[in-house]
Structure formats: C-alpha cells, structure tokens
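Working notes, structure below.
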Amino acid sequence: MAETTASYKEPSALRVYAGQLRRNPMGMLGLVLVLIVVATAIFAPWLAPYDPNQIMLGPRMGAPSAEHWLGTDQLGRDLLSRVIAGGRIAMLVAVATLGAALSVGLALGLIAGYGPRWLDNILLLIFDAVRSFPVIVFGLAVVALVGPSLYTVILVVAITSIPIYARIVRTQTQALRGAEFILAERAMGASTLRILGVHVLPNVLGPLLILASMDVPMVIATEAGLSFLGMGVRPPAPSWGTILNDGYNFIRNSPWPVIAGSAPIIIVTLGFTFLGEALRDIFDPKLRRNS
Amino acid sequence: MALYAIQRLLLSVLIIAVAVCLLNIMLHLVPGDPAVMILGPRATPELIEKTRVEMGLDQPFLIQMATFFGNLLRGDMGVDVFTGRSVTTIVMEALPFTLALISASIAWAALIGIPLGAYSALRRNTWIDRITGILSVGTISIPSFVMALYGTLIFAVWLGWLPAIGAGEGFGDQVVHLILPAFAVGVSWVGYIARIVRAAMLEVMGENHVRMARAFGLREGRIARGYVLRIAVLPAVTLIGAGVAHLFSAAVFVEVIFARPGIGALIVSAVNERNYPIVLGAVLITTAIIVLATLISDLVIAWLDPRQREGL
Amino acid sequence: MTEAADSLLSVKNLSIDFGTPRGALHALRGVELEVPKGRIMGLVGESGCGKSTLAFSLAGLLPSNGRVAGGAILLNGEDVTKMSERELRDIRGRRVSMIFQDPMTALNPVATIGRQMLDIQYRDAGGKAEKRRRAAEMLDRVGIPDAAAQLAAYPHQFSGGMRQRVCIAMALLTKPDLLIADEPTTALDATLEVQIIELLRELQQEMGCAIVFVSHHLGTVAELCDDVTVMYAGEMVERGTVRDVFHNPAHPYTQALLECDPARIKDATRQLPTIPGTLPDLVRVPPGCIFRNRCEHAWERCATEHPPHYAASGPRHVASCHLLDKEGTA
Chain A
1 MAETTASYKE PSALRVYAGQ LRRNPMGMLG LVLVLIVVAT AIFAPWLAPY
51 DPNQIMLGPR MGAPSAEHWL GTDQLGRDLL SRVIAGGRIA MLVAVATLGA
101 ALSVGLALGL IAGYGPRWLD NILLLIFDAV RSFPVIVFGL AVVALVGPSL
151 YTVILVVAIT SIPIYARIVR TQTQALRGAE FILAERAMGA STLRILGVHV
201 LPNVLGPLLI LASMDVPMVI ATEAGLSFLG MGVRPPAPSW GTILNDGYNF
251 IRNSPWPVIA GSAPIIIVTL GFTFLGEALR DIFDPKLRRN S
Chain G
1 MALYAIQRLL LSVLIIAVAV CLLNIMLHLV PGDPAVMILG PRATPELIEK
51 TRVEMGLDQP FLIQMATFFG NLLRGDMGVD VFTGRSVTTI VMEALPFTLA
101 LISASIAWAA LIGIPLGAYS ALRRNTWIDR ITGILSVGTI SIPSFVMALY
151 GTLIFAVWLG WLPAIGAGEG FGDQVVHLIL PAFAVGVSWV GYIARIVRAA
201 MLEVMGENHV RMARAFGLRE GRIARGYVLR IAVLPAVTLI GAGVAHLFSA
251 AVFVEVIFAR PGIGALIVSA VNERNYPIVL GAVLITTAII VLATLISDLV
301 IAWLDPRQRE GL
Chain X
1 MTEAADSLLS VKNLSIDFGT PRGALHALRG VELEVPKGRI MGLVGESGCG
51 KSTLAFSLAG LLPSNGRVAG GAILLNGEDV TKMSERELRD IRGRRVSMIF
101 QDPMTALNPV ATIGRQMLDI QYRDAGGKAE KRRRAAEMLD RVGIPDAAAQ
151 LAAYPHQFSG GMRQRVCIAM ALLTKPDLLI ADEPTTALDA TLEVQIIELL
201 RELQQEMGCA IVFVSHHLGT VAELCDDVTV MYAGEMVERG TVRDVFHNPA
251 HPYTQALLEC DPARIKDATR QLPTIPGTLP DLVRVPPGCI FRNRCEHAWE
301 RCATEHPPHY AASGPRHVAS CHLLDKEGTA
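Okay, here's the thing in structure tokens:
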C-alpha cells in the first residue's frame, strides 16, 4: 500500500483525473459553463457594455438589438450589463456563504465528533432543528428581524448550510476517532488539537470541498430567490433575483427581462451540477456504479 | 412498532421545542426593542409600552419563553398586530392551500418519477435512459421560481391556456388553478425521484434474492414489480419525507408568483408588514409540519419494510 | 462411457467466455459433465475454478457479460444453451431449481416466506389455499417447526440455518428433476452444515431428483455425493465415483487438493499445506496442461500438448494428465 501511494505522485494523479474529466462530455460542458460564469464575474466591470444602473433614453423593455444584446428593462436599463453585474453579486454571495458555512460547520463537526457524548447529542439536536426550517421560510423570518440586505442572505444561507457540513465532518471524525493510528497517536500522548489538525482535518477537507462546490447552485438560487421576493439584495442593485422581479411585474409586456434574468441562473445551475456530478463520479467510483 | 412511533414523536416534539427556542433567542439577540420593530414607524411611547406588556416583553426572558410555550400548548400563538385576529386562525386558514399545492406537486412527480426511474433501470444505457438521466440532472437544480416564471410566460401569457393568478372557486376551477403551480414545484422532483429510484433499482437488481427469483422462473415483470421496485421505492420515500422543507420553500415563491393564498404568501406579506406574531406562528406551523412529514415517511418505510419494524 | 438411457444432464465440451475490459476471459473450456437421473454429482475445486459458473450455466443463468462460446448442455436431451429466454423460464423452478450460497440474502426481505413460496408455484394447478398447504407441508418436511404459522413470517425473522432450510423447501417444492446446490453450506457453521447435508440426503432419497452439488469442502462431497468432478482453472481435470477419486486420485491437482484438506491432517502442524503458485491468466490461456506451472511432475510434454481424458483406476474414472498415458510414456 505504501509503495503504491508513493509511486502515485500528485501531478500524475491530477492528470489522471483531468483525463477522466475530459472523457466526460457533460462534465466538460459543466466546466466550460462554470469557467465562463466565474470569468464574467471577475471581469464584470470591463465586460459590461453600459453602467448597469444607467437609465437610458432608448427603448424601454426593448427586445434584443445590436445596442442591447439582451434587451432593456422597464426603465430602459441595459439587461446584459445588469446580468453581468448580477453575476458578480451572485458569486460574491456564494464564496462568502460557503466559506462561512464550511469553517463553522468544520469546527462544530469536529467538536461533535471528537468531543464528549453529551455535547454531541446537543449539537445533533440543534443541527436537526435548524435543518427542519425550510431555507426560504427561515430566511424570511430573519429578514423580518434584521431587514433585507446582502448580508442577511449570506447569514441565512450560511446558517442553514452549517448542519449539512457539520454532520459530515462529525461522521468522518467519529470514524477516524476509533481508527488504530489515531489510538496509537493518543497512546503516544499527542494532543487533541494535533490529532484533529494533522490527521482528521486533511481527511475530511476533500469530500467537504466537493460537496460545497455542488452547493453553489443552491446558494445562488437562494440569493436570487430572496432578492426576487424583495428580501435580499435591494433594488436598484442588479441581482439576478431583482432583474427577475422586474421581469415578473411586467411579464405581460415583455418576456425579455424574465429570460435575461433566468438564463444566467440556469447556466450556473447546470454548469455546477454537471461539473459536480462528473467530479463525484471521478472521485467516488462507488457512487458511479449506482447512479 | 408502537414504542418506535412514540420515541419518534417525542424526538419530533423536542426538535420543534428547540426550533421555537432558537426563534425566540434570535428575536432577543437582534439589537433593538421587538415592540418598536413590530410597531414600526407608527410607534408612540404609549403604544410601545402597551405592546410590551401585551407581548410580555417586560418580563424576564425565561418567563417569556415559559409563557410562550404555555400558550402554545393551548394552541394560542398570539394575535395579529393589525387586525387583532388570532394567529392560529389566520395560519390555519392559509395552511390547506399550501398543503394542497405540496401534495399535488409531489403526487404528480412521484407518479411520473417512479415509473421513469424504474424504466430507466430496466432499460439501462438505452437512449431513453440517457435522456432521462440528463434531463433529471438538469431539472433537479433549476429553482422553482424560474420554473414558475416560465410556466406563466408560456402557458398563461403566450398560449393563454391556464390561469396564472389565484386559487380558483369551486373544485374544478381550483384544480385548474393548481396545474401551473404544481408543475413549477413538482418538476424538479420528477428528476430527483427518477434518479433515486433508478439507482436503487440497479442496486436491488444485483441482489441475490432477485437472482433466486429468476432461478425459479418468475417472469421479469413480476420480479421487477414485486421484488425489485418494492425495495427500490424505499429511498424515494425517505427523500420525499426529508424534502418537505424544500417543498415549503418552493411553495413560498410559487404562491407569490401565482398570487395564491397559502402559508408562503402569508409569511411574505407578514414580513413586509413586520407583522412578527404571524411570521413566528407561520414559521412554527411550517416547522411542525416538516418534522411531522419526516416522522410520517419513517412510519411509511417501517410499514413497507418489515426489517425496519423490528430492532427499532 | 455413455449412460444414454438414464442420463438426465449431459454437458458436452462446454466453453464459456466473460467479456472483460482486457478481452474475453475463457472461464470454462471444454467441460464435460454427465449426471444420470437420481444421482448426486459433486463439483469441487478452488474458488475461481469455474464450478459456480458451470452450475449457473446449467439453468441458463449467466451474468450479462457471460456467453456460451461452444458446446452444449443437454437436459433430458434438450439443449439449454439454445433455449430462448421463455423456454429457459419454463425449465427454471420446474425441471431445474437452485439453492444458493448465502441464505441470508437469498430471500426477498420485504415479502413473507408464504408469499415467496406461493409466487414460485405460479404455474401449478390448484387454488391459493391448496398452494399454501403445499408450502406449509414442505416447510414442515425440511424441519421448520410450526410451519403453517411461519408462512406469515419474514426472512429476517429466521436464523441462517433456518433460512437455508426455507430455500431448500422452495427448491424442492416444485419437484425438480435436477437440483443445483451452489455451496449451500459454505456460509453456515459446522453443526448446521451437517444437518443441512443430512436433510439434502434424506430429501434426495425421498424425491429421487438428481443433484449437482458445488462445494470446496471435500469432506462434505465425500459424504453426500455418488460421483465427483474436480475442476481447475475452468477445466475438468478428473472425474469418477467418489470412491475412485478420493481413494485413488489420478490427477496431481486432485492429490494436492486432498492433501490440503484440513480434515485429512492427522499430525499437529504449524503450517497448513498449500498448493504453491497461482491460477493462470484465463484471458491468455497458456498452451499445454493448465496445471503445469503448479505441478511437481510436469515435464516437456505438459508445456506443449493439452492432456486428453485418460482412463484411470475405475471404469468411469478419468483424468486429464499425461502421467496416465500408458502408451506414450511406457
């Protein structure tokens, strides 16, 4: 076993995975879509043809044209520019939310998995209680308390995602806790912190990151959803959700704002889902057999 | 079996209690006076004081919690800030619409998803299996509000076939009004259910007892229905039970988009008005139903799977 | 060497391939098997020798990547390898039934024993009550106490030994001509094994069906079977009556196998004897004798010429080893 891992060097393993991904057409499609969206979010200010909030004298709710590729909204704002700017907000929310949820989930999961039994039980009960709130309903309750804003969205999604990650970390930690090499470390007097940091953490981080990347569509959909309801990003800031809300209000006048607002959500969702499926198949062949 | 049900019920009650505590703690963690928040800009010092006393906010936190739980046990969740009507009544009026929406959505999704998944598993690697696979991955992750908007756009605005507003009057009309909302909520579940049933079917088809049934010359159709599918629907039941929370989230959007009455629409309007007792009551009932749904799905599984009945 | 009149099962020159990513794996090559009516044939060999593949192919139950590459399986003169799926279904559970290795997973976990026993009688005449009565009778016959009441029980309510009894009851319920038992006692502990063997023997005498009994446990085969076929790496290396094969093993592999049987070891020893070497690659089958790389008697001829079935001690005792070639070497 030791020889096989030693001969299996890091770059060659990566190349193997890359090769597997290249042979998976849906996975490649996902990767391309994800890269497009991420690049667009990063270079948003340079890519957008107009200021997303600039109200123009041209047509209102105009169909796509040479000047406005995705048309204009009810105030005459350029939809393409708004969609691009909205992508930046969506990505920002995704990164901030998943970062927060991952770190808190990791910490709580380690505590639950490695700490005393009673603490584990209490944490599990809290996880279950939080999970039994539907994300959107919970989000609305929080908005009722603290008011709508970008930070509320991040807070809500992070809190509701924590139990999912924490549970996985807890399970893995508990499995490792009884493993012989951990027992040996403990017998040799290693501190809890050392065991968690050196042995447990690297073992749980990989699956956790894949899982988090598969959750990106969920986070983005929640942000767009809350913004759509007017409970997230506030107008006139151009979230995909606020674009959709404008489109919904004028759906009988023009389909373009709805199409422009939903297209990026669909692209992001499909991109991350197809990529995530492919990654899961590659890293977890056991799952591939069954699905 | 009875013992198991009681255990599960107690755990569910405990989870709801914890949920209520969390909500109340949140209410107190937020900076500012809840009474001021509730009353909003209309607040006068006298009104604030009156509301504080009415809501028991002048009492210590633990007393407040105890009062809240005590009232809850009697079915009293306070009154609407504006109309003074009982929150319980308001929530219970909205609830049937949401339950109808959720049940209709999951019912049609299961009716299509289960056969689709089973068929894909039996005809593995044919074009129909592949298309089902790609479509289910695709639809699973599209948010319900996007589905609802396209449903409105295509079937109500362009084609004019279906109503897009309200819940309808009378049974037939109500059913017609349910079509688009149930489509929007259920469509991603078709994919979910088909996928999980397919995966479970494939796994069960490799089990020894299926080989044994084949060795006794049972017909393939009989094996698929009586031996494989009966086991393969179990994970789908768990999935649906655990997914009721997602269904409620989807219902919020769909009720707003189709202007349907229901818990979701109620919460959204209550949040807009800062009508805190209604928000709390609606969230509480929603949570209770979700916990109850998980419990019911566990019991359904115990009923379908004799192995689960014992040892638990 | 032909027992034409009373031959029930006759496997002629059977070859079976499995599709693998490396190419076709030749799992069975030129296997011959002759089972007269009412006799018990033991099938022995190490794991991976193809004995289970052979047993499954007798009922047309190959895995999806398996394919009959040549030869025939004649059951009452009809070729099983040429049968349509419909015809196969017709013989399964009626003329041929099977008992499997692992009784813990062989029964459907969500259906009652009674329902499963009723299901397999779907072709038989008689009403539901009649079929239930037959099922209960059979359960009683295999030694399940309070049989009629147990029809309402689920498989997980039985122990492993009891479940194997249920499986035997199911297999014999349809009164087959041939019972295929694929290592039915491997998953059970020793005392249960004895009971199950005893039960099989009694039932066989009572019902008169032939049995193909697959096992790697030589003692069990010696106790239960009339004839024995020894398999190695997809080939039949020796065949004869239990008496001939076990008392005068002719093939070096059979001799080694008998020496390795822990039951035969009389003196206390730290090391159990093993046959050195590993199974050959069955994707690229080497020429000559398949056993030669592990055989201590191998010489040049073994590397080039595939040994035919030479006559050994008894009248129906044959083995594939050049050592038996009286003309060639003498």
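Note that the protein sequences, when read in sequence, are chains A, G and X.
In this text, residue positions in the first sequence follow full-length UniProt numbering: the first is 1, and each later residue adds one.
In this text, residue positions in the second sequence follow full-length UniProt numbering: the first is 1, and each later residue adds one.
In this text, residue positions in the third sequence follow full-length UniProt numbering: the first is 1, and each later residue adds one.
Glycine residues also receive a C-beta, built at the ideal position from the N, C-alpha and C atoms.
- For Ser120/G, the enclosing alpha helix (DSSP H) covers residues 87 to 122.
- Closer than 9 Å at the C-beta level to chain A, one finds these residues of the stretch 125 to 143 of chain G: Gly133, Ile134, Val137, Gly138, Ile140, Ser141, Ile142, Pro143.
- Ser86/G is not a Cβ neighbour of Pro134/A, given a cutoff of 8 Å.
- Distances from the CA of Leu239/G to each of Tyr192/G, Tyr276/G, Glu255/G, Glu207/G were compared; the closest alpha carbon is that of Tyr192/G.
- Val13/G and Gln7/G have their C-alpha atoms roughly 10 Å apart.
- Pairwise C-beta distances place the stretch 181 to 195 of chain G in contact with the stretch 133 to 143 of chain G, as three or more of them are shorter than 8 Å.
- With a threshold of 16 other beta carbon atoms within 10 Å, Gly197/A falls short and is exposed.
- Using a C-beta cut-off of 8 Å, the stretch 241 to 257 of chain A makes no contact with the stretch 172 to 190 of chain A, since fewer than three inter-stretch Cβ pairs fall below that distance.
- DSSP places Val291/G in the uninterrupted alpha helix (DSSP H) bounded by 276 to 304.
- From the beta-carbon of Tyr276/G, the residues of chain A found nearer than 7 Å are Ala144.
- By the 16-neighbour rule on beta-carbons within 10 angstroms, Ile128/G is exposed.
- For the beta strand (DSSP E) assignment, the uninterrupted runs of no fewer than 3 residues enclosed by the stretch 61 to 121 of chain X are, from N- to C-terminal side, 66 to 75, 96 to 99.
- By the criterion of at least three beta-carbon pairs nearer than 8 Å, the stretch 225 to 236 of chain X is in contact with the stretch 39 to 52 of chain X.
- Annotation: Leu122/G to Lys82/X spans about 24 Å, alpha carbon to alpha carbon.
- If you look at Ala129/X, you'll find it in the alpha helix (DSSP H) that goes 128 to 141.
- Collapsing the DSSP output to three states places Ser144/G in a helix.
- Any Cβ of chain G closer than 8 Å to the Cβ of Met188/A would place that residue at the interface, and such an atom is absent.
- At a Cβ-Cβ threshold of 8 Å, Ala242/G and Thr294/G count as neighbours.
- In this model, Glu305/X and Ser15/X are separated by some 19 Å (Cα to Cα).
- Distances from the alpha-carbon of Gly71/A to those of Gly115/A, Pro52/A, Arg88/A, Gly87/A put Pro52/A closest.
- The beta carbon of Gly241/A sits closer than 7 Å to the beta carbons of Glu223, Ala224, Gly225, Leu226, Ser227, Phe228, Gly232, Val233 from its chain, once the five residues preceding and following it are set aside; these are given in chain order.
- Pairwise C-beta distances place the stretch 148 to 158 of chain X out of contact with the stretch 179 to 199 of chain X, as fewer than three of them are shorter than 8 Å.
- In terms of beta-carbon proximity, Leu111/G stays away from the interface with chain X, with every pair separated by 8 Å or more.
- Taking a C-beta cut-off of 7 Å against chain A, none of the residues of the stretch 90 to 120 of chain G qualify.
- Distance from the CA atom of His28/G to the CA atom of Trp158/G, rounded to whole angstroms, is 49 Å.
- Excluding sequence positions up to five before and after Val216/A, its CB lies within less than 6 Å of the CB of Ala94, Phe272, all in the same chain and listed in chain order.
- For Asn13/X, there is no enclosing alpha helix (DSSP H); the residue is found in the beta strand (DSSP E) stretching over 7 to 20.
- Each residue's CA atom was taken as its position, placing Ile15/G and Val68/X some 59 Å apart.
- At the C-beta level, Val233/G and Val252/G stay beyond 8 Å of one another.
- Taking 8 Å as the cut-off, the Cβ atoms of Val279/G and Ala141/A count as close.
- Where Asp227/X is concerned, the enclosing beta strand (DSSP E) starts and stops at 227 to 232.
- Contacts between Phe274/A and chain G, judged by CB atoms closer than 7 Å, involve Val137 in chain order.
- Shown here, Ala112/A sits in a helix according to DSSP, grouped into three states.
- Secondary structure of Thr132/G (DSSP, three-state): helix.
- With a cut-off of 8 Å on Cβ pairs, the stretch 171 to 178 of chain X is in contact with the stretch 199 to 209 of chain X, counting three or more such pairs.
- Within chain A, the residues placing a beta-carbon under 7 Å from that of Thr287/G are Ser132, Phe133, ordered along the chain.
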